[in-house]
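Structure, as structure tokens:
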Amino acid sequence: MPLSPSSRAFAPNAMSKRLGFRKSRNGCSRCKKRRVKCDEAVPCTACIRHNKTCSLETPQPSVCPGPEAASSRDRSTESDILPPIASFTPSPQPMFDTAQTAFLDSLETPECWISNAELIIHYLTVTYRTFSFSASITKFLQSDLPREALSHPFLLREIMAFSGFHLAYLYPEKRPTYLLVASKHQDFAIKGLREGLSNAVTQQTCHTLYATSIFLILSKFAAFTAVEPQHRHHSCLTPIKSLLDIFNMVHCMDGVFRSSENDIRKGPLEGLFGKGSQAQSTRVLSLSDRLQQLRLPIESESRECETMMTLVSAIDSLVTATVRVANHKTSGSPAELRAIFLWPMLVPRKFVALAEAGHPISLLILAHYCVLIRWAAERSWCFERWAGSVSDAISGQISGSPWAVWLEWPLSLINEQAK
């Protein structure tokens, strides 16, 4: 006959609870295996006594969080988070709780540890070298920048994204995986950057905002280079639109720099502005000569005065950019690379609008800018394939136009370099 609940407690063979014993269902795995009491301390006393690793110290595996999962945790308060990196680097108050929360949450997953470690190691051993044009820039990229990123996870996210795009570029067989990982990190970095830019730029925030902006722009170039060739002309990734998006990003970066130039130059990013030894770039000067020739027919052909002024101003600003970088021999980076960043800072905003609308002369000027990108690709992997893709798209739009003849010169240089 089965025992009733009341009779079971007093049955001779029934196991009663020992006095003072608290049954645990959350003890460590070693104590459970040995069938001994676990005090549930972290680590537990039994494991300490036997000099064993306690399972309570190891976080339980979880699914690697994506942007959607992380966003649901963005409402966590600052007191819920203890950054594990705080003990290594003195840091001001966290600038962006949202991005930091998402980053730290992702560290709970062993699968993410491996992926993140791969990205960081690749950056510190391979990727940074692809932009090490001088001793000061090498030190900045290898040491100063990663140290700054330790205090600001959204900057670290962007560095990891750039490393992921480089891995996608190097290993086509794993390209989809690396592109997905890089895009995930970049999503978090952009969120942190947006939150930072929504507030006033201060002495404490300007360095990280500027560095993140630079790497976001480089990653924009890198993502297009690393993607599968058949996807580069996708509707949301058209070469011309992608390049003009970069112009807007550079304009934003320049705003951060102008607001805090002295602080940025003297802070943790000072190595970025270190001097080097670069020979005068005669080919960059040849581009300025060609642009001067293009200026005359534009002045005479354009019927709308405001449009003509915008186009002429765009040419003048591109000439200014090329002459300035060509004659600045003490910079630590190549002239072509500096011109790629400088012209979007100088060009009128109305020019970008004209190019987005497909104005043929604006696209022709943009094709001349692509010559700089093609030259820069000789030194920097992330600029590869851009010049040909953009110039081909421009050629398709202005073919049959009276201005198509002016496209022959930039196309000849771009195609010659591509051989």
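Add 4 to the 1-based position in the sequence shown for this note's numbering, that's all there is to it.
Quick reminder that beta carbons are idealized off the backbone N, C-alpha and C, glycines included.
- The Cβ atoms of Val394 and Ala330 do not sit closer than 8 Å to each other.
- With 16 or more neighbouring CB atoms inside 10 Å of its own CB, Arg34 falls in the buried class.
- Counting along the chain, the unbroken alpha helix (DSSP H) around Asn331 starts and ends at 309 to 331.
- Burial state of Gln297 is exposed, judged by a 10 Å Cβ sphere holding fewer than 16 other Cβ atoms.
- With a cut-off of 8 Å on Cβ pairs, the region 198 to 214 is in contact with the region 260 to 278, counting three or more such pairs.
- Counting only the Cα atoms, Phe355 lies some 15 Å from Glu303.
- If you check the CB distance, Trp385 and Thr229 come in under 8 Å.
- For Phe225, the enclosing alpha helix (DSSP H) covers residues 210 to 230.
- Taken atom to atom, the span from the alpha-carbon of Cys48 to that of Cys58 is near 7 Å.
- Your pair Ile369 and Ile319 checks out as a contact, with CB atoms roughly 6 Å apart and the cut at 8 Å.
- Taking 8 Å as the cut-off, the Cβ atoms of Leu322 and Val375 do not count as close.
- Secondary structure at Lys36: helix, using DSSP grouped into helix, strand and coil.
- Counting of Cβ neighbours within 10 angstroms places Tyr175 among the exposed residues, the total staying below 16.
- By the beta-carbon neighbour count (other beta carbons within 10 angstroms, threshold 16), Trp117 is exposed.
- Of the candidates Leu273, Ala339, His255, Ala339 places its Cα closest to the Cα of Ser285.
- The C-beta distance from Ala381 to Ala371 rounds to 15 Å, too long to fall under 8 Å, and the pair is not in contact.
- For the pair Ala359 and Thr242, the CB atoms are not nearer than the 8 Å cut-off.
- Selection Asp148, Ile344, Gly362 evaluated against Gly275 yields Asp148 as nearest (Cα-Cα).
- Taken atom to atom, the span from the alpha-carbon of Met164 to that of His363 is near 37 Å.
- Comparing C-alpha distances from Leu341 to each of Arg353, Val351, Pro352, Thr326 shows the shortest one belongs to Thr326.
- DSSP, reduced to helix, strand and coil, places Ala204 outside both helices and strands of the structure shown, so it counts as coil.
- When secondary structure is reduced to three states using DSSP, Lys56 falls in the coil class, being assigned neither helix nor strand.
- The alpha carbon of Pro157 has as its nearest neighbour, out of Leu300, Ile141, Lys195, Ser366, the alpha carbon of Lys195.
- Pairing Glu162 with Gln208 gives a Cβ-Cβ distance that is not under 8 Å.
- The C-beta distance from Phe166 to Phe219 rounds to 5 Å, short enough to fall under 8 Å.
- With contacts defined by Cβ atoms closer than 8 Å, Ser416 and Gly278 do not form a contacting pair.
- In the same chain as Leu350, and ignoring 5 residues on each side of it, the C-beta atoms closer than 7 Å to its own belong to Ser321, Thr324, Ala325, in chain order.
- Between Phe137 and Ser223, the C-beta spacing is not below 8 Å.
- Val40 and Ala50 have their C-alpha atoms some 9 Å from each other.
- A straight line joining the alpha-carbon of Asp43 with that of His54 spans about 14 Å.
- Secondary structure at Gly168: helix, using DSSP grouped into helix, strand and coil.
- Its Cα nearest to that of Leu201, the residue Val260 stands out among Gly404, Ser337, Val260.
- One alpha carbon belongs to Thr206, the other to Pro272, and they sit about 14 Å apart.
- Pro301 and Cys256 have their alpha carbons spaced roughly 32 Å apart.
- The continuous alpha helix (DSSP H) containing Leu247 extends over residues 243 to 263.
- Closest by C-alpha distance to Ala357, out of Glu199, Glu310, Ala226, Glu122, is Glu310.
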